[in-house]
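Following: one structure in structure tokens, then a few remarks.
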């Protein structure tokens, strides 16, 4: 397929498939993908990249619903904003999608790098800035981050900070109904890099996100009605989920019936060959910036 043909496909995705999907929310799309490809799932490697735990999509859906209820018990409602400061993990996936399920707006940022017991003064200032930008109702971070915020009396973070461990204690009595979002409703907030100034929160509606997911499929040379699972088995990624490239490509893989294999960016940076080994012996798709491939060339002998 020529480049011009691909471009015209992407620009003209107004097929029956996309027109109907534009009336759905991201959660609708995720639930349908999970139902259609119930035998597929997500695997997350440990930090050493030696082993991974797989959960099939129906199990993940149930976890999302339970997490949504725990967030509701915590006081989160539709249109509240939640700042997530967690590494690639089940907790991050469940919380991000749990927020969308409730109609709340998640915004994910990378956790601090280091082995300290709590956030440094500099990182605390960054957290305050991020929370202020989106007027966060809740900040979810690691146990050590929350303990550090509380012990240091960091205001106003102290009153809105909670860890996944603490949220897990919220009893799940009833599963809430999913928020019936429309295409133009806000789905989530994506922070800019902040390399040229204060990070800004870009508002991403459901329609735009779903259109991007279908555009990726068309960019691979497939018509909107065909799935990537027809020529690939899995999607492998070390990209952080707080980055739009890592997040949207993962959602694309769920929508179009691929197994998803995730690893922490730190694992890739320490041993880039882990990325290649994860793809070995199977038909895979992956995504990375140019530096990722160059890094493999320089580091792998």
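Residue numbers (our numbering): 8 to 308.
Ideal placement from N, C-alpha and C gives every residue a C-beta, glycine not left out.
message: Would residue 5 and residue 195 qualify as a contact pair, given that the criterion is a beta-carbon distance under 7 angstroms?
response: The requested residue 5 does not occur in the structure, where the chain is confined to residues 8 to 308.
Close-in-space but distant-in-sequence residues of the same chain around residue 157 (CB under 8 angstroms, 5 per side omitted): 165, 168
task: Within its chain, find whatever has a CB closer than 8 angstroms to the CB of residue 209; leave out the 5 residues flanking it on each side and keep chain order.
output: 196, 197, 198, 199
- request: Please determine if the region 75 to 92 and the region 45 to 53 are in contact, where contact requires at least 3 C-beta pairs separated by less than 8 angstroms.
  value: The region 75 to 92 vs the region 45 to 53: no contact.
- prompt: Does DSSP put residue 295 in a helix, a strand or coil?
  reply: coil
- prompt: Alpha carbon to alpha carbon, what distance is there between residue 188 and residue 242?
  reply: 28 angstroms
field: Closest residue to residue 129 among 106, 155, 143, 141 (Cα-Cα distance)
entry: 155
message: Rounded to whole angstroms, what is the Cα-Cα separation between residue 193 and residue 133?
response: 24 angstroms
message: Distance check for residue 284 and residue 47, CA to CA, integer angstroms please.
response: 20 angstroms
query: How is residue 88 classed by DSSP in three states: helix, strand or coil?
result: strand
field: N-terminal and C-terminal residue of the alpha helix (DSSP H) that residue 119 is part of
entry: Note, residue 119: premise wrong, no alpha helix (DSSP H); not H, not E.
query: Rounded to whole angstroms, how far is the Cβ of residue 265 from the Cβ of residue 240, which I believe are closer than 8 angstroms?
result: 7 angstroms
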